[in-house]
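K.L.:
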Amino acid sequence: MESRDGIIVRKPSAAEIESMGLSEWSTWSCEVSSFDWTYSDAEEAYVLEGVVVVTGLEEAVEITAGDLVFFPRGLSCQWDVKQAIKKVYRFL
Numbered sequence: 001m002e003s004r005d006g007i008i009v010r011k012p013s014a015a016e017i018e019s020m021g022l023s024e025w026s027t028w029s030c031e032v033s034s035f036d037w038t039y040s041d042a043e044e045a046y047v048l049e050g051v052v053v054v055t056g057l058e059e060a061v062e063i064t065a066g067d068l069v070f071f072p073r074g075l076s077c078q079w080d081v082k083q084a085i086k087k088v089y090r091f092l
């Protein structure tokens with residue numbers, strides 16, 4: 001699914017997850033909270049735990065454990081972490 005803000009969310013296959021080398025990606029986690037964020041670089045992230053609603057200028061997107069997400073460079077958004085989140089990510 002691609003939002004009007006350019007956020008792409010999808011559920012990758014087990015084979016795809018295995019081939020992505022996620023153990024080499026950086027890890028980030030956050031407790032329940034809300035904050036504004038602007039992506040200075042494009043980011044790809046795989047969510048290991050939790051739920052977050054990311055709201056850009058056009059619409060809100062719910063992201064949950066098991067989602068592979070692309071955030072475009074220049075995206076300004078608000079993160080509303082509903083359940084503590086843990087993700088691995090890399091800049092593109």
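The sequence shown begins at 1 in the UniProt record's numbering and counts up by one.
In this text, a Cβ means the ideal position worked out from N, Cα and C, and glycines have one as well.
Bear in mind that the values here come from a model prediction, so they are computed numbers and not experimental data.
Cβ atoms of residue 29 and residue 80: under 8 Å apart, would you say?
P.N.:
On the sequence shown, position 80 is the one that residue 80 refers to. On the sequence shown, position 29 is the one that residue 29 refers to. Cβ atoms of residue 80 and residue 29: not closer than 8 Å.
K.L.:
Under the three-state reduction of DSSP, which class applies to residue 15: helix, strand or coil?
P.N.:
Counting from one through the sequence shown, the residue named residue 15 turns up at place 15. Reduced to three states, the DSSP call for residue 15 is helix.
K.L.:
So the candidates are 63, 38, 59, 68; which of them puts its Cα closest to the Cα of residue 16?
P.N.:
Within the sequence shown, numbered from 1, the residue matching residue 16 stands at position 16. The shortest C-alpha separation from residue 16 is found at 68.
K.L.:
Where residue 66 and residue 86 are concerned, what is the direct C-alpha to C-alpha distance, given to the nearest angstrom?
P.N.:
Counting from one through the sequence shown, the residue named residue 66 turns up at place 66. Counting from one through the sequence shown, the residue named residue 86 turns up at place 86. Computed Cα separation, rounded: 11 Å.
K.L.:
Using beta carbons (cut-off 8 Å, strictly below), is residue 58 in contact with chain B?
P.N.:
Within the model displayed, chain B is absent; a lone protein chain is all it includes.
K.L.:
Using only the alpha-carbon positions, how far apart do residue 89 and residue 64 sit?
P.N.:
Counting from one through the sequence shown, the residue named residue 89 turns up at place 89. Counting from one through the sequence shown, the residue named residue 64 turns up at place 64. Cα-Cα distance, rounded: 15 Å.
K.L.:
If you follow the beta strand (DSSP E) that residue 7 is part of, which residue opens it and which one closes it?
P.N.:
By one-based count along the sequence shown, residue 7 stands at place 7. From DSSP, residue 7 is part of no beta strand (DSSP E); its letter is neither H nor E.
K.L.:
What's the call for residue 103, buried or exposed, on a 16-neighbour Cβ count within 10 Å?
P.N.:
Shown here, the chain extends from 1 to 92; a query on residue 103 therefore has no answer.
K.L.:
With residue 58 and residue 4 assumed to form a contact (beta carbons below 8 Å), what rounded beta-carbon distance in angstroms separates them?
P.N.:
Counting from 1 along the sequence shown, the entry for residue 58 is found at position 58. Counting from 1 along the sequence shown, the entry for residue 4 is found at position 4. Contact flag correct, Cβ pair sits at about 4 Å.
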